[in-house]
Amino acid sequence: MWHAISRRPILLLRQVCVAAAASACLFAFAARTSADDEPVASVDAKATSHGGPVIRPASQAVPLVVESLTEIAVLGDGRFRHANALIHIAVLPDGKQLVASAEDGAARLWDCETGKQEQRFYNGQGGYVWCCAPLPGGKEVLTCGADNRVTRWDVGTGNVLHRYAHPSGVFRLAVASGGERFASSGDDNRTILWNTANGEQERSFRGHTDSVYGVAIDANDRYLVTCGDDKSIRVWDLADGQSRHKLTAHTDAVYTAAFAPQGARFATCSDDKSVRVWDAESGEEVWNVALPDTVYVIAWSPDGNRIAATCKDNRIYVLDAGDGKKTLSITVELGYHWPVAFSPDGTSLYSGGSGLVWRWDAQSGKQLFPNPDEQPLIGAISSLAIAPDGATAYLCGKDARIHVWSVAEQRRTTQWPVEKPVASLDVSPDGQSVLAADDANVHIFDAATGKATSTIKCGENLSKAEFVDAGRRVVTIGRAQSASLWDAATGKLVATLSGHHQSIDYLHVSADGDRIVTAAGDGTARVWGAHSGKELSRIGTPTENAQNTMRLPTFLADNRSVALVDDKKQLKVWLAPSLDEASASADEVRRLVADLGSDRYRIRQDATVKLIRVAGTMREHLQEVSTKDPEVAWRLRKIMSSIERGESPSTLLGKPLVLTDKPQSLAAHGDGIHFAAILRVDAAASIVIGRFTKDGAAAIRTIETGHSPSHVAFSRDGRRMFAANRNGTVSVFECRPQP
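All the letters of the sequence shown, read from the start, carry residue numbers 100 to 838 under our numbering.
Written as C-alpha cells, this is what we have:
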C-alpha cells in the first residue's frame, strides 16, 4: 500500500530531475517499451479505497447513472430492416403482412403497407433462420434454422406455440394445404413430415446423400419434392413415402424447389445457373433456361403464369412459366439479393438484400420500396461518428453517402455523396471537420457545408482513420504491419508507426489526441505518440503466431490508461501513472515559453519545470506557440516529448473480467468509472455496462435493444450513449435523467 501512495512524489521528483537535465540537453524519461519491464506505476490507493474513480475522469464528463440509462431515440429508417442478410420471405394470405427471416437469428413480421415491424420471432440461440412459412389462415407461422428445430409462433402475440426438434439444422419448410402437416428438410440428408398439432413425426424421407436444401408440397397434397447438395431432385408420394422419381439433370447443387399454385408442375434452381420446370407425375422436364450465374431462389406468381428467380449477377429475372422466356429483368444496384416472393394479388415482388426487404412492381420492375428519391442508408452501419456536443450523428452504410442526423430533431438534415462506400468516420475535436475514409483515401469535409477540404491518398487496403493532435493530423491503418501519420491539411506523410510483426487490426486515439494505440495479430497492443510518432509503451509479448491476440484497445478517461480484450474473452485494464496536472493561463504559458530563451540557467530551469507540470492541461496552447529561437523550439519539443512518453500504460488493474462472448465494440465513459461493450453481432446482441474498480472490471447491467447493435460510443460530455445497429439505425441512450 505504501508503494501505491508514495509513487506520485517519486514520479514528480523524476519530472523535476528530467527538466533540469533538459536544460543541459539531456532529456531521459522512464517510458516503458516492453511488457517484460517492471511496472512503473500502480493503482491510486487513496482513490479506490474510498470508492472513487480508479481512472481520472475527463473534466467535461458528467457521471453516468447506470440505473436510469434508457433509449430515448432511434435515428434512421427502421422500416423493413433486418440486422443481417435476408434468407427467406413469405407473404401472409391476406397480403397485408409478410414474414422474413435472416442470418441474424430472427424472423420478423412486417406491415406490407407501412413497413413497420409488428412482431419479432427470436429463436433464443442465434444463427441463421433459413425459412419462414405461414400456416393457412395467417394466424400462425413456422420458422426453422441453425438451432436444429422448427418453431411454431402465434402471429398476434409473438409467443411460441410449439417446438419440433429436428436432428440437425433445418433449411426449408413446406406446409400441406390444410396446415395439419408440414415437412422440414435438413442438414442430415433427410426430410421429415410432421403432425402440426401434436408435434409427432409421421414419416421420414431418406435417399439424398447430402444436405437437403429444398422441399415443396403440391396444392393437392399428392407429391413432396426435395432437392439438395447432391445435385439430385427426388419426387415422393406423400401418402406412402415412396420415391417416385430421381431427377439428375442439374449438374450442381439444387437450392430451391417450388410447386405451381395449381397442378403437378414444379420448378427448381441451381448452382449450375439454370431454372428448370418439371412434371411431378411423369418426372419429365418441361423446359429449362440458363441464366448468367447461380440462381438462389424461385417463386411462382399466384396465377401460375410467371416465375421469379434471384440470380448471383445482381438481377431478379421474371420468366414465363409456359416456356421459360424472360419477360422482365430487375437490376439490383447494391448487389446481393437472395429471397423473392410475389404478393397474393401478383402485382408486387418482394426481395431481400443488404438487410432490407425491397418491393418492386411485378409488371414494370419499378422500385417501390425503399423509395429511390429518399435515398435511405442501405445495409448495416459501417461507421458512426458523434459531434463533440453530442447533437449530430454521422452515419455510413453500404451506399456511398454520409448521412447527417440531428439527434434532437431525430431527422436526417443532409447527406453528402462520396466516391466509394465509407469504412471509417471521425469528427475533429472542435467539431468543424469530418473525416471519411474509404478503401484507399481519406477525405476531410467541412462539417458546416459538407464540402471536401482536403484528400489524403493512402493507397490500398485502408480500413480505419482517426484525427489526432487536435485535428492537425490523421492516423490510418490498413492490412499492414505499420500505421501511418499524415498532415491533415497537406496530405503529406509525417511518420510511419512501425514495430508490429503482423497486420494491425485495431486503432484508437485518446480523447486529447496525444496518443494512439494499435493492436495486431502479433499478440501486442502498442501506444504511440501523436507528436513524435514513436512507440511509447507495449502491452504483451510479440510473437509471429500470437496465441492470445489483443482486441479493441481503448483509451480510458485519463487518455493514458488502456482497456483491451484478448482471445480468451478477458477484459483487462492497463493503468498509466496517475500524475497531478497543474493548470496555467495562456498568458502565463507564453511568459514561461519566453523564459526558456533566458540567458540565466535558473530561469530556464524554473520555466521548464513549470511547463512540464502544466503541459498536460495546456497542450494546445503549447502547440500553438511559435518562436523563431531554435533553442526555445528545441526545448518545447523536448517538453512535449517528455509528457508524451512519461505517462504510458504499464500496470494491470486487478483481475480480468471474463465476458460471456467476444465483444465487438468497447467504449469508456468520461467519468473514469464506467464502460460499455457490445457482445455478439446477431439478433441477440446486447450492450453490457460495467464499472472499473480496484479489483478490475465488473459487469453491472445488460441492455437488450432488439436492433442488434454492433458499435457503441459515448458523447464527449458523457450525457449520451450511441449504439450503431446492424439494421441501419442508431439507438440513442440518455446517460442520466433530465432535470
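C-beta: ideal position from N, C-alpha, C; glycine also. Since this is a predicted model, take the numbers as computed values, not measurements.
Among the options, the one whose alpha carbon lies nearest that of residue i
{"i": "Val829", "options": "Ser373, Asn222, Glu170", "result": "Glu170"}
{"i": "Leu346", "options": "Val385, Pro360, Asp320, Asp412", "result": "Val385"}
{"i": "Trp377", "options": "Leu168, His349, Thr617", "result": "His349"}
{"i": "Glu508", "options": "Ala172, Val165, Leu163", "result": "Ala172"}
{"i": "Val503", "options": "Ala535, Asp472, Lys519, Glu518", "result": "Ala535"}
{"i": "Gly452", "options": "Ala201, Ala796, Ser158", "result": "Ala201"}
{"i": "Val417", "options": "Lys411, Ser428, Cys410", "result": "Ser428"}
{"i": "Arg572", "options": "Ala579, Ala357, Leu584, Arg578", "result": "Leu584"}
{"i": "Ile291", "options": "Thr308, Ser276, Ala264", "result": "Ala264"}
{"i": "Pro438", "options": "Ile772, Thr575, Ile186, His181", "result": "Ile186"}
{"i": "Leu778", "options": "Val811, Ala206, Leu751", "result": "Val811"}
{"i": "Ala440", "options": "Glu432, Gly423, Ile415", "result": "Ile415"}
{"i": "Arg458", "options": "Lys709, Arg405, Leu197", "result": "Leu197"}
{"i": "Leu758", "options": "Asp794, Lys671, Met820", "result": "Lys671"}
{"i": "Val431", "options": "Gly423, Arg712, Ala352, Leu455", "result": "Leu455"}
Reduced DSSP category for residue i - H, G, I as helix; E, B as strand; rest coil
{"i": "Ile477", "result": "coil"}
{"i": "Asp604", "result": "strand"}
{"i": "Gly577", "result": "coil"}
{"i": "Tyr227", "result": "coil"}
{"i": "Gly423", "result": "coil"}
{"i": "Met739", "result": "helix"}
{"i": "Gln300", "result": "strand"}
{"i": "Cys124", "result": "Model confidence at Cys124 stands at a pLDDT of 29, short of 50, so the residue's coordinates are unreliable and nothing is read from them."}
{"i": "Val311", "result": "strand"}
{"i": "Arg734", "result": "helix"}
{"i": "Lys591", "result": "coil"}
{"i": "Asp336", "result": "strand"}
{"i": "Gln704", "result": "helix"}
{"i": "Lys761", "result": "coil"}
{"i": "Gly789", "result": "strand"}
{"i": "Ile154", "result": "coil"}
{"i": "Val456", "result": "strand"}
{"i": "Glu217", "result": "strand"}
{"i": "Lys556", "result": "strand"}
{"i": "Pro729", "result": "helix"}
{"i": "Gly795", "result": "strand"}
{"i": "Asp244", "result": "First, the residue type needs correcting, since residue 244 is Gly and not Asp in the sequence shown. Correct three-state label for Gly244: strand."}
{"i": "Pro233", "result": "strand"}
{"i": "Lys519", "result": "coil"}
{"i": "Arg689", "result": "helix"}
Rounded distance between the beta-carbons of residue j and residue i, thought under 8 angstroms
{"i": "Ser562", "j": "Ala522", "result": "6 angstroms"}
{"i": "Gly489", "j": "Arg818", "result": "6 angstroms"}
{"i": "Ala775", "j": "Leu483", "result": "Going by Cβ atoms, the distance from Ala775 to Leu483 rounds to 14 angstroms, so no, they are not a contact pair."}
{"i": "Leu593", "j": "Gly549", "result": "Contrary to the premise, residue 593 reads as Val rather than Leu in this sequence. Not really, about 27 angstroms apart at Cβ, beyond 8 angstroms."}
{"i": "Val533", "j": "Ala546", "result": "5 angstroms"}
{"i": "Ala420", "j": "Trp399", "result": "7 angstroms"}
{"i": "Pro652", "j": "Ala624", "result": "5 angstroms"}
{"i": "Arg701", "j": "Phe654", "result": "Not quite, the Cβ-Cβ distance comes to about 37 angstroms (not below 8 angstroms), so this is no contact."}
{"i": "Ala588", "j": "Ile603", "result": "Going by Cβ atoms, the distance from Ala588 to Ile603 rounds to 25 angstroms, so no, they are not a contact pair."}
{"i": "Phe358", "j": "Ala315", "result": "5 angstroms"}
Residue burial classification, residue i (beta-carbon count within 10 angstroms, cutoff 16)
{"i": "Ala130", "result": "Low confidence applies to Ala130: its pLDDT is 30, below 50, so where it sits in the model is not reliable, and the reading given next is rough at best. Answer is buried; the Cβ neighbour count reaches 16."}
{"i": "Gly558", "result": "exposed"}
{"i": "Ile477", "result": "buried"}
{"i": "Phe832", "result": "buried"}
{"i": "Asp529", "result": "exposed"}
{"i": "Glu634", "result": "buried"}
{"i": "Glu137", "result": "Confidence is the limiting factor: at Glu137 the pLDDT is only 25, short of 50, which leaves the residue's position unreliable and the question unanswerable from this model."}
{"i": "Ile485", "result": "buried"}
{"i": "Ser331", "result": "buried"}
{"i": "Ser636", "result": "buried"}
{"i": "Tyr312", "result": "buried"}
{"i": "Ala767", "result": "buried"}
{"i": "Gln159", "result": "exposed"}
{"i": "Val153", "result": "buried"}
{"i": "Val541", "result": "buried"}
{"i": "Glu565", "result": "buried"}
{"i": "Arg280", "result": "buried"}
{"i": "Ser167", "result": "exposed"}
{"i": "Gln704", "result": "buried"}
{"i": "Arg219", "result": "exposed"}
{"i": "Asn258", "result": "exposed"}
* Any chance you could list the beta strand (DSSP E) runs of at least 3 consecutive residues sitting entirely within the segment 252-289, in chain order? => Complete beta strand (DSSP E) runs here, min 3: 259-264, 269-274, 280-285.
* Where are the beta strand (DSSP E) runs, 3 residues long or more, that stay fully inside the segment 320-368, in chain order? -> For the segment 320-368, whole beta strand (DSSP E) runs of length 3 or above, ordered along the chain, are 322-327, 332-336, 342-346, 353-358.
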